[in-house]
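Residue numbers (the numbering used here): -5 to 578. Report on the structure given below.
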Ligand code: SF4
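Next comes the structure, spelled out in structure tokens:
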């Protein structure tokens, strides 16, 4: 089996080369594990995230192209939003395209002095002039033009930024295949700072199999589970948006900047309602039989043509509905879809955008900021105001929007309202007010993402039961985060985490000629977790500076009110554990 080729690209010198890193891939199995090592090797930890010293690593896993749902690409970089470790995962076709082009990882260094886009194939890299693409607001238009110009055969992926990335909004995302995103922690701004508008990857090759019989058996088992489990069926039918009502019913859906958990108009933004009234298509990441990506049809009348409608497909999921719908008190489905479409077009991270605007709305209503700053009226459910404000975050017509484009933490420190600025470790809050587990995940997870250690899921399992001690809860979260390093190194979609048990991962690797016992895999997870946290600290993270927004203590969650003593005790224990883990 041929594997382990890393492609290095230097934007400053317009040069590229490859290196055989099969040993690294064998030891770290891909994705997060490999990206972490390549980041460490190539970055100056003190670099400015938006300067030439920052680097971007994309990495796929040993299972990519072989098994269903091993479909993510991991991007790693220094985050301009938090100032430390940036890690973001995207699906679409990116992972398969990178592997089919003959690479398991790509390292991008330096900065171009003029706008550029890259075309990566099995034969290497071409640097294309992107001056005419620079300034195009829409990520969708950029994708269309490149598709037209480049053509190409094989599995193709186009990763690109919109105007938000060019304008260095610290929470700009990179869009891939229109409906998937490297959403969190500002990869779009890092690409923008490098004047790198897009990366096209396509390639063709065969992937050999070591043990065909075992491979078939394991493949069939995974495929069957992926298409037959109830959860996967729900994700196919309604999508992750099914969770809107599930979380709402237990009082865990944050609404209007987490000032409440009840909302009369919840039906209009629920997954069931959108599916029944607007669902237009379902799509899937490459090599995924689940197809959880749901696209709604938005019809908007043309001003002068009463019988003609502009028809747009808008992708939606649980998190976008939480952040742009519930957090902004949006009551009508079309209003929600218009806002989501604008966020996608401009290339913003939808969670950060919604949380920044929900803070701004509360600050505005409290008189902490006025229309002099916001330029428009902001009010819960007022879609026209939010349409303007989203454009302003990108175009930054005044100092307030320049500050808001730095993230909610930054803006609230300057203008006030820090108690209700919902950021953890500098990253805006995901959509789960489920209890202490979720908030501890936001605080302690290496990405400050709900996906790091899934406290939100643990909280839900514990509803109606006695909470474990803070120390026990931290132990559970850390164990989960360690195991997730294996899954994200193999770039497995987390929706399939129940399918990819430790035993099945071991067999899946064995069929390809890699021998990892279950114990080896568990140990590897801890090793990657430890190295990741070490690097996070080297890049600038200070665990003692973690801020807990007061708002989370003021609102009920399914476990009642969060106890400050409980969180403080948990964090104290976590600090001790991390200290002993990284000096181990
Ligand atoms: S379940 Fe959804 S996000 Fe995961 S790989 Fe499949 S289509 Fe992509």
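The beta-carbon is built from N, C-alpha and C at its ideal position, and this holds for glycine as well. In this text, all values refer to a predicted model and were calculated from it rather than measured experimentally.
Query	Result
Opening and closing residue of the alpha helix (DSSP H) in which residue 520 lies	512 to 533
Residue environment, residue 430, which counts as buried when at least 16 other CB atoms sit within 10 Å	buried
Three CB pairs or more closer than 8 Å across the segment 342 to 359 and the segment 413 to 420	yes
Proximity to residue 527 [Cα-Cα], best of 328, 497, 472, 561	472
Candidates 300, 295, 327, of which the one nearest residue 310 by Cα	327
Closest Cα partner of residue 121 within the set 190, 425, 179, 516	190
Residue closest to residue 202, alpha-carbon to alpha-carbon, out of 421, 56, 262	56
Residue-level contact to chain D via CB, residue 176, 9 Å cutoff	No chain D is present in this structure, which holds just one protein chain.
Backbone secondary structure at residue 595 - three-state DSSP	It is not possible to answer for residue 595, since the shown part of the chain is limited to -5 through 578.
Status (buried if at least 16 other CB within 10 Å, exposed otherwise) for residue 530	buried
DSSP three-state assignment for residue 442, whether helix, strand or coil	coil
Residue closest to residue 239, alpha-carbon to alpha-carbon, out of 166, 481, 257	257
8 Å contact criterion, which residue 163 and residue 399 should meet: CB distance rounded	4 Å
Start-to-end residues for the alpha helix (DSSP H) that takes in residue 477	464 to 483
Pair within 9 Å by beta-carbon distance, residue 84 and residue 175	yes
Distance between beta carbons of residue 522 and residue 26, contact taken as under 8 Å	6 Å
Cβ neighbours of residue 118 in the same chain (closer than 7 Å, five flanking residues each side left out)	10
Secondary structure, alpha helix (DSSP H): runs of 4+ residues fully inside the segment 321 to 355	327 to 340
Contact between the segment 146 to 166 and the segment 379 to 390 (3+ Cβ pairs under 8 Å)	yes
9 Å Cβ cutoff met for residue 143 and residue 498	no
Residue 84: first and last residue of the uninterrupted beta strand (DSSP E) it sits in	79 to 84
The beta strand (DSSP E) enclosing residue 99, as first and last residue numbers	99 to 103
Close Cβ partners of residue 374 (< 6 Å) along its chain, the five nearest in sequence each way excluded	250, 323
Own chain, CB closer than 8 Å to residue 303, minus 5 neighbours either side, in chain order	293, 294, 295, 296
Assigned exposure category for residue 206 - 16 Cβ within 10 Å defines buried	exposed
Straight-line gap, residue 72 to residue 403 (C-alpha atoms, nearest Å)	18 Å
Extent of the continuous alpha helix (DSSP H) to which residue 572 belongs	558 to 576
From 477, 546, 507, 485, residue whose alpha carbon lies closest to that of residue 516	477
Buried or exposed (CB count within 10 angstroms, at least 16 for buried), residue 225	exposed
Same chain only: Cβ atoms within 6 Å of residue 441, ignoring 5 sequence neighbours per side	81
Simplified DSSP state of residue 394, which is helix, strand or coil	helix
Residue closest to residue 459, alpha-carbon to alpha-carbon, out of 33, 554, 524, 465	554
Member of 235, 488, 319 whose CA lies at the smallest distance from the CA of residue 276	235
Cβ shell of residue 134 (< 7 Å), same chain only, five flanking positions each side left out	172, 339
Residue 66: CB within 8 Å of a non-hydrogen atom of ligand 1	yes
Three-state secondary structure assigned by DSSP to residue 544	coil
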